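Participant: My structure is below; once you've seen it, I'll send some questions.
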Amino acid sequence: MPAENLPLPSARLGAASPDRGRSKPHASTMTRRNLPGLPEEILLNILSFLEPRDVTRLQAVSRKFCSLFRDNVFWRSICFQESSFLEAFNRRAALLSRGRFPFDYFHPPRDHGGDGDASLGRRVSTSPPQPLVSSNEERNAMENERARLVANWDLTYPGENVSWYDEYIQRHGHITVSWFQLPRTRDGDRVSEPIEARGVALYSPDDPWATTTGSGSGALFAVSPLDDGSVCLWDVNGSKGRRGATYKKSQAEILYVDGPGRDNRRRSKRVDSGVTECVAVDSHRKRAFVAVQCHLLEIDLETLKVVGSESFPWSITTLSATNPTLPLTVGTTLGVHLYDYRARGSAATAVLSSGVDGGIDGFDRLEANDHYRRSVRALFNDEPLPPCASLAQPGPLSILHLDRSGAAAWAGDDIYVAGRFSNILHYDRRKFPSISGSIFSGARLCAMTSLPYPFSASDSEQRRKGQLSLNQVNAIKADRCGSTLVACGEYNTKGSLELYSLRPETTLQGGGGGTTKSDDWMLKNRQTSSQSKLLSVANHGTRLVFSNGSGVLKWFERDGFTEVRRCRIGDCEVSGANNASDGAQPQGLSLFSSMPGSDDLARKLLPTRPGRGGSGAVNENDIVFWTGEKLGLVGFSAKAGFTTDEFEEEARSAEELEKQRAERDYSERVQRALQRQAEDARFVQGLGLGAGV
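Below is the structure:
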């Protein structure tokens, strides 16, 4: 029997095996001479009595053990056994068995269809005990009941490639918080203060689809505009150098409104630090788009030069993600615009095409100051402006191109806009700028993402309680007609995590993807999501991850209600914060680590490999985050993460290192001298005094 079809060990149903409390075989005893020759079924059965950390150590014995002991069925069983779903289910069952709730609180599964059984009801109900069944019947019933519970817990989509070994690590393993190198400018031997980053987007030059489908494994860079008007690239996965180090940086002041060499000290001429979605990257064309006040600058990521510009009537507040087949959606203070950079037919770019040699090559030979002056004159041309959707209330903060139903790699024609207004606006690109509908939220939303399958609040609640049968779960997963919109923000000073089911056959007119009489199509979690404002949300593996105003990252299941784990990303006491993987106060931290404002906030989250629609596993990724000033990386490894100080030591010259070493030696000598002086003072203080003193 192959490992994939191996039945799950019945000892793991409901509660831990009674043998888990006894002495377990040591990992070294598993390497006996005849052990590798055992069938895979027996080896996996032996593993069921070991702790997960012992199983991971056994993978280093041989290649066969490494491949076998990462069996998906085995690690899926471990994830289920240690899940909060099973813990809550057993807790409810224990309360029901003691009669703390009325019996009708537990609703038996409807229509098991032969897949379920009544063993769970016998175990948790207060009814008289039923006659004992034979051992084979009882075992089959327990296996069927376990399969039903696993189906209720497993929120993966059909055809989704999941590595359950990596899933267990991301759910229960060690969390490492690393910090990227701080870009600096050198003036001879002097090193200036670090330059702050003003946004972040991911750039994959080797495989452009990697940032969309997660199928790539090549180079990956983080692109960010800096406060000095330059553009910087960081190596995210270490394919071109050291991981987290700066790969290359452009010259300063190319992003300023008046161009290089002018008086750019005023903040109104720089990248607005309050705009989170101020940069978008097209990996296919190797272009980056940076919002600078009311200008949208196009940057060639190979030469790091400005190759295009577009002006808008109001300040840009958000940008959508790029797609090689769709125009870019730009949100300004009072409107939503479509900017088709692929046509290169904008007024400002048309002026550039009439340069010395024409096109981008001709622009590269022009002075940057001339470019900005021509961009301003282009505003007064007679050419009609692109369509613009006016907003009744100012302040869009997030724009989402909704993926097609069941095909996450391909964006559809639906555009959703959220911000400092109470509704989520819906536009159809084919009918733009006419509004197609809206969804009332009531919260101030600042970030959105999507899931390629529909959502039902009632089904989600029943699955969370383990009340659905296998047939019902399979029917829910087979429904691919629709998508789920995930949004986060603030409602009455608290965090709000919201899920909306969107179906193509329904229109949004004051309602959502279902009828206005029922709230089954939406979920607004404003109780357990966060006590502070939510800043960003993203898909991470089979879970949702979001950041809040307290500097905490939280992972929730796709139901938007069940918390998986959390961690804090404080910059102070980095080594101690890395050990606090579950959000608990780590040991050995200073008094200042618990003070408000001592930690950084993740204003934007980006998974390194989205993994949706590609060939790779959905959970083979880390998280890049931006705090508003610098970049960091959240990974899952027992190894310590890298810090900014490590890069600074490499960048220092030999003279600087020698000077720092001398200062450290001097400080140690002074400390030892003070300690000896204190010891002598204590010794002299007691001389000549009697024993009774």
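Residues 1 to 693 (UniProt numbering) are what the sequence shown spells out, left to right.
Cβ atoms here follow ideal geometry from the backbone N, Cα and C, with glycine treated the same way.
Being a predicted model, the structure only gives us computed values, none of them experimental.
1) Looking at residue 280 and residue 181, is the spacing between their C-beta atoms short of 7 Å?
2) List the endpoints of the continuous alpha helix (DSSP H) containing residue 172.
3) In its own chain, which residues sit with a C-beta less than 8 Å from the C-beta of residue 113, not counting the 5 before and 5 after it?
4) Quick one: what's residue 176 bridged to in DSSP?
5) Just curious, the beta strand (DSSP E) that residue 225 is in, first and last residue?
6) Can you look up residue 777 in the DSSP assignment and give me helix, strand or coil?
7) Where do the ends of the beta strand (DSSP E) carrying residue 307 lie?
8) Short of 7 Å in beta carbon distance, which residues of its chain neighbour residue 302, apart from the five on each side in sequence? Order them along the chain.
9) What is the rounded straight-line gap between the Cα of residue 496 and the Cα of residue 439?
10) I'd like to check one pair, residue 524 with residue 490: are the Cβ atoms closer than 7 Å?
11) Considering only C-alpha positions, which residue in the set 428, 443 and 529 is nearest to residue 436?
12) From the DSSP output, read off the bridge partner residues of residue 555.
13) On the DSSP bridge list, what partners appear for residue 448?
14) Label residue 340 either buried or exposed according to how many other C-beta atoms from any shown protein chain fall within 10 Å of its C-beta, with 16 as the threshold for buried.
15) Looking at the structure shown, is residue 66 part of a helix, part of a strand, or coil, going by DSSP?
16) Determine the extent of the alpha helix (DSSP H) in which residue 80 is found, giving its start and end residues.
17) Where do the N-terminal and C-terminal ends of the alpha helix (DSSP H) with residue 56 fall, by residue?
18) Pairing CB atoms from the region 47–58 with CB atoms from the region 144–155, are three or more of them under 8 Å?
19) State yes or no: is the beta carbon of residue 176 nearer than 7 Å to at least one beta carbon in chain C?
20) For the candidate residues 622, 686, 685 and 687, whose alpha-carbon lies nearest to that of residue 175?
21) Could you pull out every residue in the same chain whose Cβ sits closer than 7 Å to the Cβ of residue 600, ignoring the five residues on either side in sequence?
22) By Cβ distance below 7 Å, which residues in the same chain neighbour residue 562 in space, the five residues on each side in sequence not counted?
23) Three Cβ pairs or more, each shorter than 8 Å: is that satisfied between the region 414–422 and the region 442–458?
24) Just reading off the alpha helix (DSSP H) that residue 84 is part of, what are its end residues?
25) Is the CB-CB distance between residue 224 and residue 199 below 7 Å?
26) Give the DSSP bridge partners of residue 522, in chain order.
27) Where DSSP assigns a beta bridge to residue 197, which residues make up the other side?
28) Under the rule that 16 or more other beta-carbon atoms within 10 Å means buried, what is residue 218, buried or exposed?
29) Could you tell me the alpha carbon to alpha carbon distance between residue 532 and residue 667, rounded to whole angstroms?
30) Which residue marks the beginning of the alpha helix (DSSP H) containing residue 298, and which one marks its end?
31) Helix, strand or coil: which one does DSSP assign to residue 661?
32) May I ask you to verify whether the region 388–401 touches the region 320–336, counting CB pairs closer than 8 Å and requiring at least 3?
33) Which of the three DSSP states is assigned to residue 254 in this structure?
34) Report buried or exposed for residue 645, applying the criterion of at least 16 other Cβ atoms within 10 angstroms of its Cβ.
35) Tell me which residues share the same chain as residue 431 and place their Cβ nearer than 8 Å to its Cβ, disregarding the 5 neighbours each side in the sequence.
36) Rank 75, 37 and 676 by C-alpha distance to the C-alpha of residue 47 and give the top, closest one.
Facilitator: In short, the structure shows the following:
1) By one-based count along the sequence shown, residue 181 stands at place 181. By one-based count along the sequence shown, residue 280 stands at place 280. Not closer than 7 Å, so no.
2) Counting from 1 along the sequence shown, the entry for residue 172 is found at position 172. Residues 164–172.
3) Within the sequence shown, residue 113 is the residue found at index 113, counting from 1. Unreliable placement is indicated for residue 113, whose pLDDT of 39 sits below 50; the coordinate value is still reported in the next sentence. Result list for residue 113: 469, 470 and 471, in chain order.
4) Counting from one through the sequence shown, the residue named residue 176 turns up at place 176. DSSP, once it has assigned bridges, lists 635 as partnering residue 176.
5) Locating residue 225 in the sequence shown gives position 225, where the first residue counts as 1. Residue 225 -> beta strand (DSSP E) spans 221–225.
6) This structure leaves residue 777 out entirely; the chain is present only between 1 and 693.
7) Along the sequence shown, one-based indexing puts residue 307 at 307. Per DSSP, residue 307 belongs to the beta strand (DSSP E) from 305–311.
8) As a first step, residue 302 is located in the sequence shown; it is residue number 302 there, counting from the start. 286.
9) To locate residue 496, count along the sequence shown from 1; it is residue 496. To locate residue 439, count along the sequence shown from 1; it is residue 439. Approximately 15 Å between the Cα atoms of the pair.
10) Within the sequence shown, numbered from 1, the residue matching residue 490 stands at position 490. Within the sequence shown, numbered from 1, the residue matching residue 524 stands at position 524. Not in contact: residue 490 and residue 524 (Cβ atoms no closer than 7 Å).
11) Here residue 436 corresponds to residue number 436 of the sequence shown, with the count starting at 1. With distances taken between Cα atoms, residue 436 lies closest to 428.
12) Translated into the one-based positions of the sequence shown, residue 555 becomes position 555. Per DSSP, 545 and 565.
13) Taking the first residue of the sequence shown as 1, we reach residue 448 at position 448. BP columns for residue 448 point to 487.
14) Indexing the sequence shown from 1 puts residue 340 at position 340. Residue 340 comes out exposed.
15) Here the question's residue 66 lines up with position 66 in the sequence shown. Helix, per DSSP.
16) Translated into positions along the sequence shown, residue 80 becomes position 80. It spans 72–81 - the alpha helix (DSSP H) in which residue 80 sits, taken as one unbroken run.
17) Position 56 of the sequence shown, counted from the start, is the residue given in the question as residue 56. 52–58 is the span of the alpha helix (DSSP H), which, as asked, contains residue 56.
18) no
19) In the displayed structure, chain C is absent; only one protein chain is listed.
20) Within the sequence shown, residue 175 is the residue found at index 175, counting from 1. Answer by Cα proximity: 622.
21) Position 600 of the sequence shown holds residue 600. Same-chain partners within the cutoff: 551, 569, 570, 571 and 627.
22) What you label residue 562 is simply residue 562 of the sequence shown in a count that begins at 1. The answer, listed in chain order, is 84, 85, 464 and 556.
23) yes
24) Walking along the sequence shown from the start, residue 84 turns up at place 84. Looking at the DSSP string, the run of the alpha helix (DSSP H) that includes residue 84 is 84–97.
25) Counted from its first residue, the sequence shown places residue 224 at position 224. Counted from its first residue, the sequence shown places residue 199 at position 199. Against a cut-off of 7 Å, the Cβ pair of residue 199 and residue 224 comes out as a contact.
26) As a first step, residue 522 must be located in the sequence shown, where it is residue number 522. Residue 522 is bridged to 500.
27) Taking the sequence shown and counting its residues from 1, one reaches residue 197 at position 197. Answer by DSSP bridge pairing, in chain order: 226.
28) The sequence position of residue 218 within the sequence shown is 218, counting from 1. Classification for residue 218: exposed.
29) Taking the first residue of the sequence shown as 1, we reach residue 532 at position 532. Taking the first residue of the sequence shown as 1, we reach residue 667 at position 667. Their Cα atoms are separated by approximately 43 Å.
30) As a first step, residue 298 must be located in the sequence shown, where it is residue number 298. Note, residue 298: premise wrong, no alpha helix (DSSP H); beta strand (DSSP E) at 295–300.
31) Along the sequence shown, read from residue 1 onward, the residue named residue 661 stands at position 661. Of the three classes helix, strand and coil, the one that applies to residue 661 here is helix, per DSSP.
32) yes
33) By 1-based counting over the sequence shown, the position of residue 254 is 254. Residue state, collapsed to three classes: coil.
34) The count along the sequence shown starts at 1 and reaches residue 645 at position 645. Burial call: exposed.
35) By one-based count along the sequence shown, residue 431 stands at place 431. Taken in chain order, the list of residues that qualify is empty.
36) Numbered from 1 along the sequence shown, position 47 holds the residue referred to as residue 47. Ranking 75, 37 and 676 by Cα distance to residue 47 puts 75 first.
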